[in-house]
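Take a look at the structure set out below.
Number of protein chains: 2
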Amino acid sequence: MGRRPTLKTIAEEVGVTVSAVSLALRDDPRISVATRERIQRSAATLGYVYNRHAAGLRRGDSGTVAVCLNDLSNPFFTEFLGHMEARFREAGRMMLFGHANESLDVQAQFIRQMVEHGAAGLILIPVAGTRRDDIAGERARHLENFPVVLISRDVEQTPYDRVINDDALGVQLLFDHLYGLGHRRFVWLGGGKETSTARDRERAFIEAMRAAGLSVDDETIHHGPTSLAFGDTMLERLLGTGEPPTAVLCFSDVIAFGVLAACYRHGLRPGVDLSVTGFDDMGAAAYSSPALTSVRVRTDRIGQRASELLGARMAGDRRPPERVVMPPELVVRDSSGPAPVTRR
Amino acid sequence: MGRRPTLKTIAEEVGVTVSAVSLALRDDPRISVATRERIQRSAATLGYVYNRHAAGLRRGDSGTVAVCLNDLSNPFFTEFLGHMEARFREAGRMMLFGHANESLDVQAQFIRQMVEHGAAGLILIPVAGTRRDDIAGERARHLENFPVVLISRDVEQTPYDRVINDDALGVQLLFDHLYGLGHRRFVWLGGGKETSTARDRERAFIEAMRAAGLSVDDETIHHGPTSLAFGDTMLERLLGTGEPPTAVLCFSDVIAFGVLAACYRHGLRPGVDLSVTGFDDMGAAAYSSPALTSVRVRTDRIGQRASELLGARMAGDRRPPERVVMPPELVVRDSSGPAPVTRR
DNA sequence: TTACGCAATTCAATCGATTGAACCAATGCG
DNA sequence: CGCATTGGTTCAATCGATTGAATTGCGTAA
Numbered sequence: 058m059g060r061r062p063t064l065k066t067i068a069e070e071v072g073v074t075v076s077a078v079s080l081a082l083r084d085d086p087r088i089s090v091a092t093r094e095r096i097q098r099s100a101a102t103l104g105y106v107y108n109r110h111a112a113g114l115r116r117g118d119s120g121t122v123a124v125c126l127n128d129l130s131n132p133f134f135t136e137f138l139g140h141m142e143a144r145f146r147e148a149g150r151m152m153l154f155g156h157a158n159e160s161l162d163v164q165a166q167f168i169r170q171m172v173e174h175g176a177a178g179l180i181l182i183p184v185a186g187t188r189r190d191d192i193a194g195e196r197a198r199h200l201e202n203f204p205v206v207l208i209s210r211d212v213e214q215t216p217y218d219r220v221i222n223d224d225a226l227g228v229q230l231l232f233d234h235l236y237g238l239g240h241r242r243f244v245w246l247g248g249g250k251e252t253s254t255a256r257d258r259e260r261a262f263i264e265a266m267r268a269a270g271l272s273v274d275d276e277t278i279h280h281g282p283t284s285l286a287f288g289d290t291m292l293e294r295l296l297g298t299g300e301p302p303t304a305v306l307c308f309s310d311v312i313a314f315g316v317l318a319a320c321y322r323h324g325l326r327p328g329v330d331l332s333v334t335g336f337d338d339m340g341a342a343a344y345s346s347p348a349l350t351s352v353r354v355r356t357d358r359i360g361q362r363a364s365e366l367l368g369a370r371m372a373g374d375r376r377p378p379e380r381v382v383m384p385p386e387l388v389v390r391d392s393s394g395p396a397p398v399t400r401r
Numbered sequence: 058m059g060r061r062p063t064l065k066t067i068a069e070e071v072g073v074t075v076s077a078v079s080l081a082l083r084d085d086p087r088i089s090v091a092t093r094e095r096i097q098r099s100a101a102t103l104g105y106v107y108n109r110h111a112a113g114l115r116r117g118d119s120g121t122v123a124v125c126l127n128d129l130s131n132p133f134f135t136e137f138l139g140h141m142e143a144r145f146r147e148a149g150r151m152m153l154f155g156h157a158n159e160s161l162d163v164q165a166q167f168i169r170q171m172v173e174h175g176a177a178g179l180i181l182i183p184v185a186g187t188r189r190d191d192i193a194g195e196r197a198r199h200l201e202n203f204p205v206v207l208i209s210r211d212v213e214q215t216p217y218d219r220v221i222n223d224d225a226l227g228v229q230l231l232f233d234h235l236y237g238l239g240h241r242r243f244v245w246l247g248g249g250k251e252t253s254t255a256r257d258r259e260r261a262f263i264e265a266m267r268a269a270g271l272s273v274d275d276e277t278i279h280h281g282p283t284s285l286a287f288g289d290t291m292l293e294r295l296l297g298t299g300e301p302p303t304a305v306l307c308f309s310d311v312i313a314f315g316v317l318a319a320c321y322r323h324g325l326r327p328g329v330d331l332s333v334t335g336f337d338d339m340g341a342a343a344y345s346s347p348a349l350t351s352v353r354v355r356t357d358r359i360g361q362r363a364s365e366l367l368g369a370r371m372a373g374d375r376r377p378p379e380r381v382v383m384p385p386e387l388v389v390r391d392s393s394g395p396a397p398v399t400r401r
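The listed protein sequences correspond, in order, to chains U and Z.
For the numbering used here, add 57 to where a residue sits in the first sequence, where the first one is 1.
For the numbering used here, add 57 to where a residue sits in the second sequence, where the first one is 1.
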């Protein structure tokens with residue numbers, strides 16, 4: 058069955074040189090239409106397959122782009138993946154995919170490997186706790202201008218483009234909505250200190266509370282993983298306290314879904330007995346029971362902008378790094394409602 | 058800032074030849090320990106980065122594996138992605154990722170590109186409607202032994218390994234569970250004719266109905282997309298019929314979640330007024346309101362087995378293709394319960 | 001001393017595509 | 001008719017790592 062045909066195979070068949078074939082297959086106008094067609098026809102019948110290793114070796118670009126996520130179980134992140142894969146495929150680039158799973162080591166390994174593969178750029182949702190050197194260190198000093206775009210999470214003092222959501226605005230919108238409905242006893246569920254997202258949302262929450270003249274204490278803020286289980290067990294715990302909150306703001310829709318599950322088991326009606334809000338507005342938020350009030354993070358726009366920025370960098374754009382902050386939108390559904398009248 | 062160092066750079070620094078460096082960096086015993094260490098130290102300080110294009114060109118293997126999904130919005134599929142990425146990374150292989158989004162064209166484009174990239178193998182969840190030639194055609198005749206493993210969905214008469222769930226068994230388990238609870242008026246929601254999964258589940262449902270002496274007519278089976286919206290609107294429609302079902306079996310958890318949402322709005326208590334079951338048992342099934350009875354498809358085992366098979370093929374295994382059928386498990390939760398007493 | 005074996009290293013060809021320079025023939029123009 | 005142009009194609013070097021064969025140097029057995 059012979060080996061895979063190469064430019065040489067075609068060249069011999071058609072009776073021209075390898076150079077002519079190379080040029081013809083890329084529609085270079087230097088080759089006459091007649092021979093170009095003969096060459097292309099021959100390539101087709103021989104079943105020629107372009108060898109990107111050879112091309113990449115010579116040209117130094119493999120036509121790939123690397124993308125690294127760290128939480129596949131959170132549909133919010135896979136939304137990014139879909140948006141970006143589509144855009145890169147349109148641009149004729151393949152995607153090298155990595156899943157760091159919140160591990161700095163895995164992230165570092167991925168970055169090294171994707172450089173070995175000659176990826177032209179990297180889009181990264183940095184692992185929690187990533188610092189500047191975790192990204193630059195692996196890429197080494199020979200890659201000073203290597204295009205990197207961070208999305209969703211910010212890492213300060215990095216020389217990279219970043220496209221993130223306006224988390225402060227999102228929390229503000231949620232708080233104002235709930236405050237306007239009469240709520241005064243708030244709880245914040247989820248997040249922590251490790252990601253910019255968690256920090257920003259929590260800070261905004263605290264500021265909103267202060268601005269409204271409400272106090273923030275140990276009972277107000279509860280850190281934890283972004284999981285259904287966390288939301289579920291935390292609500293259980295809150296119900297045990299003397300004065301349960303009337304509004305529960307969750308760091309992520311995922312946590313809010315867990316809260317809704319616990320509410321259901323306890324016969325609590327979210328939106329009536331208790332208001333629950335999420336964050337991200339993933340697709341499922343419109344179909345939870347009840348439908349979840351959330352903040353729509355524009356993953357499509359963020360993904361698009363990130364692809365654009367990366368594209369520009371790969372094309373040689375050397376302007377100083379940009380920090381794009383994408384405004385989100387409040388989406389009011391049934392899980393939030395007027396504060397219940399205080400019984401006392 | 059100089060170019061990226063190559064073997065040559067190191068060779069000159071250390072005072073040996075390129076060959077020696079190449080061998081030393083791969084720990085070849087032909088190079089003495091002393092020089093090997095000198096070489097490796099030099100590589101480290103120079104910040105040498107392995108060039109896989111050059112190596113791949115010479116050796117013909119790029120160290121990548123391609124994986125193509127087609128529905129990122131369904132967490133069921135991203136579970137596979139996570140399992141497999143982890144296994145390939147451990148094996149030192151990067152993953153070329155594609156998202157066919159149920160488009161045959163995109164899938165074909167992906168397969169062509171990944172061959173160009175010299176991927177060593179392919180794991181594919183074939184797009185609905187894929188036929189034998191859609192896979193083989195793009196790979197062309199020079200790749201007869203190219204390793205391909207299909208997961209989740211079967212394509213008949215293909216010369217590839219396949220790892221799929223035992224869908225017939227899963228449906229049987231669900232049906233028996235519901236029948237045992239006294240249900241007699243069933244409805245099947247979702248699927249269609251395009252994927253083996255949909256066909257197998259539906260066929261098993263029909264057979265179970267017949268075996269139980271129940272008739273299947275136009276009102277029993279409703280095809281549709283695997284989306285929350287489909288489940289939601291279909292339940293609305295069913296409620297409008299004269300004699301609504303007491304048990305709704307959904308092709309996928311995703312559809313079931315949509316059904317639960319509609320139930321909630323109508324004040325129907327799933328598990329009491331109506332039994333609802335899903336399929337796949339994705340993570341969220343345990344946290345819906347109420348928690349969803351489903352069939353756990355072992356994405357972990359399927360992903361693992363698929364990786365193993367692909368690994369064996371890449372290592373040269375030429376045994377005839379295998380068809381692995383993984384048994385699922387019934388998971389009973391709160392969305393299913395005894396059939397309500399018929400009011401008539 | 002010669003020859004041999006062995007370890008360590010080098011030589012040199014190779015993988016397949018790209019590209020700037022060179023070449024050739026035909027045409028146009030003065 | 002000679003010279004410049006230009007369209008079409010070829011030449012030849014190049015990218016960086018790999019590898020089977022060849023070479024070198026050295027100790028040791030004959």
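From the three backbone atoms N, C-alpha and C, an ideal C-beta is built for every residue, glycine too.
This one's a predicted model, so the numbers in the text were calculated from it and none came from an experiment.
- Message: Using CA atoms only, rank isn't needed, just tell me which of 193/U, 237/U and 229/U is closest to residue 216/U.
- Response: Nearest Cα to residue 216/U within the set 193/U, 237/U and 229/U: 193/U.
- Could you give the residue range of the beta strand (DSSP E) that holds residue 208/Z? Unbroken beta strand (DSSP E) run through residue 208/Z: 205 to 208.
- Measure the C-alpha to C-alpha separation of residue 105/Z and residue 165/U and round it to an integer number of angstroms. For residue 105/Z and residue 165/U, the gap between their C-alpha atoms comes out near 16 angstroms.
- Within 7 angstroms of chain U by C-beta, residues of the region 117 to 139 of chain Z in sequence order: If you check each beta-carbon in the region 117 to 139 of chain Z against every beta-carbon of chain U, the ones closer than 7 angstroms belong to 119, 129, 130, 132, 135, 138 and 139.
- Item | Beta-carbon proximity of residue 122/Z to residue 145/Z, cut-off 8 angstroms | Closer than 8 angstroms, so yes.
- Could you work out which residue in 150/Z, 388/Z, 221/Z and 112/Z is closest to residue 80/Z when comparing CA atoms only? The residue with the shortest Cα to Cα distance from residue 80/Z is 112/Z.
- Task: Could you work out which residue in 110/Z, 156/Z, 118/Z and 152/Z is closest to residue 125/Z when comparing CA atoms only?
- Result: The shortest C-alpha separation from residue 125/Z is found at 156/Z.
- Query: So with Cβ pairs under 8 angstroms, would you call residue 108/Z a contact of chain U?
  - Reply: Interface residue (Cβ-Cβ distance to chain U less than 8 angstroms): residue 108/Z is classified as such.
- Task: State the DSSP-derived secondary structure class of residue 380/U, mapped to helix, strand or coil.
- Result: Reduced to three states, the DSSP call for residue 380/U is strand.
- Message: Per DSSP, what are the beta-bridge partners of residue 126/U in this structure?
- Response: Its beta-bridge partners are 156/U.
- Task: Indicate whether at least one CB of chain Z lies closer than 8 angstroms to the CB of residue 173/U.
- Result: The beta-carbon of residue 173/U is placed less than 8 angstroms from the nearest beta-carbon of chain Z.
- Query: Would the region 251 to 267 of chain U and the region 209 to 229 of chain U be scored as touching if the rule is three or more Cβ pairs under 8 angstroms?
  - Reply: Touching, yes, given that three or more Cβ pairs across the two stretches are closer than 8 angstroms.
- Any Cβ of chain U within less than 8 angstroms of the Cβ of residue 170/Z? By this cut-off, residue 170/Z is an interface position.
- Query: Closest by CA to residue 328/U, which one among 375/U, 239/U, 358/U and 224/U?
  - Reply: That would be 239/U, whose Cα lies nearest to the Cα of residue 328/U.
- Query: What are the start and end residues of the beta strand (DSSP E) that includes residue 147/Z?
  - Reply: Membership of residue 147/Z in any beta strand (DSSP E) is not indicated; the residue belongs instead to the alpha helix (DSSP H) covering 132 to 147.
- Look at the alpha carbon of residue 259/U and the alpha carbon of residue 267/U, and state the distance between them as a whole number of angstroms. Distance between residue 259/U and residue 267/U, taken at the CA atoms: about 12 angstroms.
- Excluding the 5 residues preceding and the 5 following residue 118/U in the sequence, name in chain order all residues of the same chain whose CB lies nearer than 7 angstroms to its CB. Taken in chain order, the residues that qualify are 175 and 177.
- With a Cβ-Cβ cutoff of 8 angstroms, do residue 309/U and residue 335/U count as a contact? Against a cut-off of 8 angstroms, the Cβ pair of residue 335/U and residue 309/U comes out as a contact.
- Which whole runs of the beta strand (DSSP E) in the region 310 to 373 of chain U are 3 residues long or more, in chain order? Listed in chain order, the beta strand (DSSP E) elements of length 3 or more contained wholly in the region 310 to 373 of chain U are 332 to 334 and 351 to 353.
- Task: List the residues of chain U that residue 289/Z touches, going by C-beta distances under 8 angstroms, in chain order.
- Result: Among the residues of chain U, those whose CB is under 8 angstroms from the CB of residue 289/Z are 344, following chain order.
- Task: Could you tell me whether the Cβ atoms of residue 382/U and residue 223/U are closer together than 8 angstroms?
- Result: At a Cβ-Cβ threshold of 8 angstroms, residue 382/U and residue 223/U count as neighbours.
- Touch test, the region 373 to 390 of chain U against the region 71 to 88 of chain Z, Cβ-Cβ under 8 angstroms, three pairs minimum: Not touching, per the Cβ criterion.
- Work out the CA separation of residue 152/U and residue 142/U for me, nearest whole Å. Residue 142/U and residue 152/U have their C-alpha atoms spaced approximately 7 angstroms apart.
- Message: Using only the alpha-carbon positions, how far apart do residue 95/U and residue 71/U sit?
- Response: Between residue 95/U and residue 71/U, the C-alpha separation is close to 7 angstroms.
- Query: Between residue 248/U and the rest of its own chain, which residues show a CB-CB distance below 7 angstroms, the 5 nearest in sequence each way excluded?
  - Reply: So the list reads 255, 258, 259, 280 and 308, once near-sequence residues are dropped.
- Out of curiosity, what's the CA-to-CA distance linking residue 295/Z and residue 313/Z? Looking at the backbone, the Cα of residue 295/Z and that of residue 313/Z are separated by about 14 angstroms.
- Query: Listed from N- to C-terminal order along the chain, which residues in the region 353 to 378 of chain U have their beta-carbon within a distance smaller than 7 angstroms of any beta-carbon of chain Z?
  - Reply: So the list is empty, because no residue satisfies the distance condition.
- Looking at C-alpha atoms only, which residue of 89/Z, 147/Z, 293/Z and 102/Z is the closest neighbour of residue 368/Z? When the alpha-carbon of residue 368/Z is set against those of 89/Z, 147/Z, 293/Z and 102/Z, the nearest one is in 147/Z.
- Message: With three or more beta-carbon pairs closer than 8 angstroms as the criterion, would you say the region 342 to 357 of chain U touches the region 382 to 398 of chain Z?
- Response: Contact between the region 342 to 357 of chain U and the region 382 to 398 of chain Z is absent, because fewer than three Cβ pairs lie under 8 angstroms.
- What's the C-alpha gap between residue 293/U and residue 348/Z? Cα-Cα distance, rounded: 16 angstroms.
- Task: Go to residue 180/U, then tell me how far its beta strand (DSSP E) extends in each direction, as first and last residue.
- Result: Where residue 180/U is concerned, the enclosing beta strand (DSSP E) starts and stops at 179 to 181.
- Item | CB contact check: residue 336/U to chain Z, cutoff 8 angstroms | No, because no Cβ of chain Z sits closer than 8 angstroms to the Cβ of residue 336/U.
- What whole-angstrom Cβ distance do residue 306/U and residue 246/U have, given they're in contact under 8 angstroms? The Cβ separation is near 7 angstroms, so the contact holds.
- Check whether the Cβ of residue 234/Z lies closer than 8 angstroms to any Cβ atom in chain U. No, because no Cβ of chain U sits closer than 8 angstroms to the Cβ of residue 234/Z.
- Between the Cα of residue 162/Z and those of 137/Z, 181/Z and 191/Z, spot the shortest distance and give me the residue it belongs to. Distance from the Cα of residue 162/Z is smallest, within the candidate group 137/Z, 181/Z and 191/Z, for 191/Z.
- Short check: CB of residue 366/U to CB of residue 220/U, under 8 angstroms? For the 8 angstroms CB-CB criterion, residue 366/U and residue 220/U form a contact.
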